[in-house]
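Down below is the structure, laid out as structure tokens.
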Amino acid sequence: AQHLEDDKATETYEEIQPFMDKIHNQHKALKKSSKMRQEFTANVSHELKTPLTSISGYAELIEHRMASAQDVPRFAGEIHRSANRLLSMINDIIRLSELDVMETEDMVFERVPLYVLAESCVDMLQLKAEKHNVTLELKGTPCHMAGNREMVEEILYNLCDNAIRYNNKGGSVTITVLPVDNQVVLSVKDTGIGISKEHQERIFERFY
7 AQHLEDDKAT ETYEEIQPFM DKIHNQHKAL KKSSKMRQEF TANVSHELKT
57 PLTSISGYAE LIEHRMASAQ DVPRFAGEIH RSANRLLSMI NDIIRLSELD
107 VMETEDMVFE RVPLYVLAES CVDMLQLKAE KHNVTLELKG TPCHMAGNRE
157 MVEEILYNLC DNAIRYNNKG GSVTITVLPV DNQVVLSVKD TGIGISKEHQ
207 ERIFERFY
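Numbers in the working numbering are just positions in the sequence shown, counted from 1, shifted up by 6.
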């Protein structure tokens, strides 16, 4: 117990070593989990603070009549946008909490037509893509996968929405759905700004 940080600090009988290794591994996992929770809290706090600061600042200007009549609609628009951003993040946090308590056994799995869902997603985001001057293209063949339809739709939308949002003007997003070696492969490729190499290992950490 006094040397949990050092795998080699304690000499023991050969028969007990697997038990000691398990204790060390569990300790490392707990430390990693604790660090991730702390970083998640810090990242969420930072993300929530930005729109709240904007809302508070514009509201204060209006409250103290420091905004001209011409500025009020613009300030109200900024408050509205920040409030929507805040609501979106809170919904994300609620969704993550729901997924944490959801058991796999509780999910409804069915035969999901992935290519058809990708088509629907492209249709849904077509207008947004045009506004960002981005071209959407769907490739592949109709195929099915076993999964939860609602979650698959959510994954598709999030991937394509981000590919549009962080793209360059005149860029493109290519969605590919193909059966490969008895599996279904989904690919969303864009010509956007990308993610720096040093951050790529952590992109699935919440709110990183």
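Don't be surprised by glycine CBs; every beta carbon is placed ideally from N, CA and C.
All values reported here derive from a predicted model rather than from experimental measurement.
- Query: Roughly how many whole angstroms lie between the Cα atoms of residue 170 and residue 152?
  - Reply: 27 Å
- Query: Given a threshold of 16 other Cβ atoms within 10 Å of its Cβ, counted over all protein chains shown, does residue 162 qualify as buried or as exposed?
  - Reply: buried
- Return the chain-ordered ranges of every alpha helix (DSSP H) run that is complete within the region 52-121 and spans a minimum of 4 residues. 77-107
- Message: Counting beta carbon pairs with one atom in the region 121-135 and one in the region 93-104, are three or more of them shorter than 8 Å?
- Response: no
- Query: Taking the continuous alpha helix (DSSP H) assigned at residue 158, which residues delimit it?
  - Reply: 155-171
- Item | Whole-angstrom distance between residue 177 and residue 149, CA atom to CA atom | 27 Å
- Message: By the DSSP assignment, the alpha helix (DSSP H) with residue 203 in it spans what residues?
- Response: 203-206
- Message: Applying the 10 Å Cβ sphere with the 16-neighbour rule, what's the burial state of residue 120?
- Response: buried
- Task: Could you tell me whether the region 52-64 touches the region 75-86, where touching means 3 or more Cβ pairs closer than 8 Å?
- Result: yes
- Query: Going by other Cβ atoms of all chains shown within 10 Å of its Cβ, with 16 needed for buried, is residue 2 buried or exposed?
  - Reply: As shown, the chain starts at 7 and ends at 214. That puts residue 2 outside it, with no answer to give.
- Cβ pair residue 50, residue 208 closer than 9 Å: no
- Message: Going by the DSSP bridge assignment, what does residue 198 pair with across the sheet?
- Response: Partner(s): none; residue 198 has no beta bridge.
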